[in-house]
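Residue numbers (our numbering), protein chains in the order written: chain A, 1 to 365; chain B, 366 to 730. Every residue, glycine too, gets a C-beta built ideally from N, C-alpha and C. What follows is a single structure, written as structure tokens, with notes after it.
Protein chains: 2
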Amino acid sequence: MDERIHEHADVLVDWSARVEDGDDVVVLVGEEAHDLAVAVGEKVGERGANLLTVYDSGEVTRAYLRAHEGDFDEDPAHELALYENADVVLVLAGGRNATAKADVPGEVQQAHSKATTGIQEARLGTDWVSTLHPTRAGAQQAGMAYEEYQDFVYDAVLRDWESLAEEMARMKTILDEGSEVRIVKENTDVTMSVEGRTAVNSCASVAYDSHNLPSGEVFTAPHATEGEVFFDVPMTHRGKRIRNARLAFEGGEVVDFDAEVGEDVLADVLDTDDGARRLGELGVGMNRGIDRFTGSILFDEKMGDTVHLAVGRAYDACLPEGESGNDSAVHVDMITDMSERSRMEVDGEVVQRDGTFRWEDGFEA
Amino acid sequence: MDERIHEHADVLVDWSARVEDGDDVVVLVGEEAHDLAVAVGEKVGERGANLLTVYDSGEVTRAYLRAHEGDFDEDPAHELALYENADVVLVLAGGRNATAKADVPGEVQQAHSKATTGIQEARLGTDWVSTLHPTRAGAQQAGMAYEEYQDFVYDAVLRDWESLAEEMARMKTILDEGSEVRIVKENTDVTMSVEGRTAVNSCASVAYDSHNLPSGEVFTAPHATEGEVFFDVPMTHRGKRIRNARLAFEGGEVVDFDAEVGEDVLADVLDTDDGARRLGELGVGMNRGIDRFTGSILFDEKMGDTVHLAVGRAYDACLPEGESGNDSAVHVDMITDMSERSRMEVDGEVVQRDGTFRWEDGFEA
Chain A
1 MDERIHEHAD VLVDWSARVE DGDDVVVLVG EEAHDLAVAV GEKVGERGAN
51 LLTVYDSGEV TRAYLRAHEG DFDEDPAHEL ALYENADVVL VLAGGRNATA
101 KADVPGEVQQ AHSKATTGIQ EARLGTDWVS TLHPTRAGAQ QAGMAYEEYQ
151 DFVYDAVLRD WESLAEEMAR MKTILDEGSE VRIVKENTDV TMSVEGRTAV
201 NSCASVAYDS HNLPSGEVFT APHATEGEVF FDVPMTHRGK RIRNARLAFE
251 GGEVVDFDAE VGEDVLADVL DTDDGARRLG ELGVGMNRGI DRFTGSILFD
301 EKMGDTVHLA VGRAYDACLP EGESGNDSAV HVDMITDMSE RSRMEVDGEV
351 VQRDGTFRWE DGFEA
Chain B
366 MDERIHEHAD VLVDWSARVE DGDDVVVLVG EEAHDLAVAV GEKVGERGAN
416 LLTVYDSGEV TRAYLRAHEG DFDEDPAHEL ALYENADVVL VLAGGRNATA
466 KADVPGEVQQ AHSKATTGIQ EARLGTDWVS TLHPTRAGAQ QAGMAYEEYQ
516 DFVYDAVLRD WESLAEEMAR MKTILDEGSE VRIVKENTDV TMSVEGRTAV
566 NSCASVAYDS HNLPSGEVFT APHATEGEVF FDVPMTHRGK RIRNARLAFE
616 GGEVVDFDAE VGEDVLADVL DTDDGARRLG ELGVGMNRGI DRFTGSILFD
666 EKMGDTVHLA VGRAYDACLP EGESGNDSAV HVDMITDMSE RSRMEVDGEV
716 VQRDGTFRWE DGFEA
């Protein structure tokens with residue numbers, strides 16, 4: 001077995017989920033995630049925790065959902081009891097076919113999802129972490145060869161998370177203490193307020209309220225946005241491509257936009273509701289293990305030397321206790337490359353220039 | 366997908382487990398039992414029941430058990446809650462390697478098993494059925510080619526169970542109403558009492574208290590055995606072979622024995638305790654879909670035109686309410702071929718001769 005699979009399990013169990021002696025652990029195993037499940041099983045055993053493995057199969061779910069007629073029962077007691085009694089839930093994604101449920105009608109998936117809200121809440125109430133095992137289906141989705149994709153995933157996952165968390169803490173402090181963020185590059189000059197907002201250090205550990213492995217971004221909830229941004233990183237929204245989009249803000253709202261590809265898709269997003277024209281997130285990608293865009297937002301938005309802005313819903317964690325930020329039915333991340341001829345300023349001081357942060361060697365203010 | 370996989374799922378869900386609308390169903394999926402899981406998922410959906418799939422992996426279990434040090438927690442709450450809230454448990458065996466746990470020390474497996482007694486009881490408290498999906502590992506264990514093994518398994522599983530249950534009911538009535546069973550063939554002439562005992566019609570359905578698919582035997586708990594039996598069907602006990610064994614009974618106890626191969630293994634069995642020298646079971650194999658011996662007792666003892674006797678523990682279901690029968694730490698089935706030059710009599714009347722029952726065409730008393 002590839003030694004990196006064991007290292008992945010170590011990061012997941014120790015850094016991300018912080019599994020301890022006596023914990024009741026549920027591990028969801030994707031159809032092709034067997035090898036990672038074996039390594040995780042070993043690690044959970046070492047920790048003296050208790051293991052139950054769930055088979056998380058898109059093909060079984062498809063067959064079940066398509067055959068089921070009429071209403072779904074609400075929160076079946078056996079599954080609800082499992083998660084209500086779990087301390088840790090680890091999701092090892094990795095199926096045989098990324099589009100295994102393509103022919104399940106959307107309304108059936110939504111009805112099932114709605115009927116099992118209590119189960120989903122019980123899962124979110126645990127120390128849960130979601131990761132993925134590199135499979136051939138995943139490689140195909142990313143447009144890569146299998147071994148190439150394995151390297152890509154492990155480069156993103158097998159970081160020195162402790163030192164990355166410390167570095168991300170610097171960025172968090174700057175954003176927390178700052179008032180105004182400005183991003184400048186070709187076709188881009190935008191400012192936004194982060195006054196009174198709290199940034200999240202998303203470093204792939206439940207200890208930091210970060211539940212994805214890999215992660216590696218610091219994000220907050222900006223407001224009062226002014227100016228223009230050009231998003232040069234390709235993206236897809238609900239399976240449709242958007243390329244080279246531009247947003248222009250006045251008084252916190254999008255007042256103009258265009259895109260070389262998918263302008264209509266972008267228009268639909270912005271027309272969803274009032275909140276869809278305001279920003280919900282400013283995120284700074286700091287995972288330099290991710291070295292290319294693959295069209296998977298899980299990786300793309302974490303890539304080192306990128307910044308993403310999301311129109312739509314803001315996360316409560318970024319707002320003062322009891323306050324809620326921008327509200328919307330959507331949250332669509334859009335990414336801009338900060339590696340060259342670019343700078344990010346906070347309150348007039350340059351924090352990052354041409355992909356180098358101010359605490360790094362070679363930084364020039 | 367092989368149409369027989371869907372037929373297998375139909376038999377399992379409808380005939381064996383009797384899954385109904387609203388049932389909370391747990392399906393344990395062996396490492397290579399994916400295709401059967403898909404077919405079962407579809408069927409469970411059709412019935413309007415609720416599905417949770419558990420990944421039942423010998424390799425994950427091995428890794429977990431070997432890494433775990435110290436005592437196991439008793440009945441972890443999450444797994445116990447799952448099975449306590451389940452109505453139906455379906456086990457789809459079918460791993461990658463039949464000996465996946467070969468290097469887990471026996472005492473570790475026993476300690477884990479002992480610590481999870483409550484979970485096992487909760488599972489046995491449901492309408493549970495155990496079946497197996499034909500895998501390459503299973504084929505190898507049976508000494509067959511893969512396609513040959515698939516045919517073998519489906520021939521055993523895809524019976525007309527309703528009509529076989531009716532035929533087995535005849536056998537049950539004969540044994541229930543009879544007092545003395547006699548088995549006669551070359552080197553064999555043995556009598557035993559079945560007075561006051563109740564036979565079980567094991568026809569692979571929870572409606573008959575039969576929990577294995579395939580099944581196909583009628584069994585009871587005999588006593589007062591006299592005479593000699595020759596067991597010409599090869600068998601293994603704890604991985605060791607026994608061939609052409611002979612037991613001689615007087616007053617219900619084994620007073621003499623020998624075997625061409627594995628006589629020492631047989632001696633160990635008989636020396637286990639007092640009950641190990643008395644019979645715990647007389648079983649009549651009636652599944653004619655099983656046409657050869659494979660060394661798997663699940664199939665061998667159900668084979669049509671065989672009779673098996675087990676030394677050791679008797680099943681409570683065969684005994685009058687509140688009474689317990691022969692007690693022992695072992696229950697070792699031994700099989701004799703009844704297809705040729707043989708007869709079974711009950712109270713002096715021939716019930717089966719040369720592999721033909723008295724209700725079948727061609728029977729000669």
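Query	Result
For the candidate residues A/Asp268, A/Val284, A/Ala156 and A/Tyr208, whose alpha-carbon lies nearest to that of A/Glu217?	A/Val284
Is the CB-CB distance between B/Val654 and B/Gly669 below 9 Å?	In the sequence as displayed, the identity of residue 654 of chain B is Gly instead of Val. Yes, these two residues count as a Cβ contact at 9 Å.
Does the separation of the CB atoms of B/Val409 and B/Val384 fall below 9 Å?	yes
Given that a residue counts as buried once 16 or more other Cβ atoms are within 10 Å of its Cβ, and exposed if not, what is A/Glu364?	exposed
Output yes or no for whether 9 Å exceeds the beta carbon distance between A/Leu28 and A/Val89.	yes
Does the separation of the CB atoms of A/Ser57 and B/Gly406 fall below 9 Å?	yes
Report yes if the CB atom of B/Arg741 is closer than 9 Å to the CB atom of B/Asp623, and no otherwise.	Here chain B covers residues 366 to 730 and nothing more, so residue 741 of chain B does not appear.
Have a look at B/Leu523, B/Arg431, B/Val549 and B/Gly561 and flag the residue whose alpha-carbon is nearest the alpha-carbon of B/Lys537.	B/Gly561
Apart from the five residues just before and just after A/His211, which ones in its own chain have a Cβ nearer than 7 Å to its Cβ?	Trp128, Val129 and Ser130
Could you give the DSSP three-state label for A/Arg18: helix, strand or coil?	coil
Which bits of chain A does B/His399 rub up against, with CB to CB less than 9 Å?	Glu31, Tyr55, Ser57, Glu59, Val60 and Arg96
Taking the C-alpha atoms as reference points, what is the distance between A/Met334 and A/Val184?	16 Å
I need the straight-line Cα distance from B/Gly395 to B/Asp516, nearest angstrom please.	20 Å
Considering only the beta carbon of each residue, do A/Leu175 and A/Val190 sit closer than 9 Å?	no
Looking at B/Arg643: is its Cβ nearer than 9 Å to the Cβ of B/Val619?	yes
Would you call A/Gln110 buried or exposed, if buried means 16 or more other Cβ atoms sit within 10 Å of its Cβ?	exposed
Count the other C-beta atoms from every protein chain shown that fall within 10 angstroms of the C-beta of A/Leu124, then say buried if there are 16 or more, exposed otherwise.	exposed
Can you find a heavy atom of the ligand ZN that lies under 8 Å from the Cβ of B/Asp438?	The ligand content of the structure shown is nil, which means the ligand ZN is not present either.
Which residues in chain B have a C-beta closer than 7 Å to the C-beta of A/Asp24? List them in chain order.	Pro441, Ala442 and His443
Relative to chain A, which residues along the segment 555-580 of chain B have a C-beta separation below 9 Å, given in chain order?	none
Compare the beta carbon distance of A/Asn287 and A/Val261 with 9 Å and say whether it is the shorter of the two.	no
Is there a Cβ from chain A that is less than 9 Å from the Cβ of B/Ala446?	yes
Whose Cβ in chain B lies nearer than 7 Å to the Cβ of A/Val38?	Glu424, Val425 and Ala428
Taking A/Asp87 as the reference, which of B/Ala442, B/Leu447, B/Asn450 and B/Ala504 has the closest Cα?	B/Ala442
What are the residues in the segment 241-270 of chain A lying within 8 Å of chain B by C-beta distance?	none
How would you call B/Gly727, buried or exposed, if buried means at least 16 neighbouring beta carbons within 10 angstroms?	exposed
Hey, is the segment 460-478 of chain B in contact with the segment 115-122 of chain A, meaning 3+ C-beta pairs nearer than 8 Å?	no
Under the three-state reduction of DSSP, which class applies to B/Lys466: helix, strand or coil?	coil
In whole angstroms, what is the alpha-carbon distance linking A/Glu349 and A/Arg182?	9 Å
Looking at the unbroken beta strand (DSSP E) that takes in A/Val29, where does it start and where does it end?	Asp24 to Gly30
Could you check which residue in A/His6, A/Ala81, A/Ala199 and A/Asp2 has the C-alpha nearest to that of B/Asp389?	A/Ala81
What residues in its chain sit with their C-beta under 7 Å from that of B/Val598, if we drop five residues either side in the sequence?	Phe658, Asp665, Thr671, Ile700, Thr701 and Asp702
Going by DSSP, name the residue or residues bridged to A/Met338.	In the DSSP output, where bridge partners are listed per residue, A/Met338 has none listed.
Closest Cβ-Cβ distance between B/His673 and chain A: below 9 Å?	no
How would you write the range of the beta strand (DSSP E) that A/Trp128 sits in, first residue to last?	Asp127 to Leu132
Should A/Asp14 be flagged as near chain B, meaning a C-beta pair shorter than 9 Å?	no
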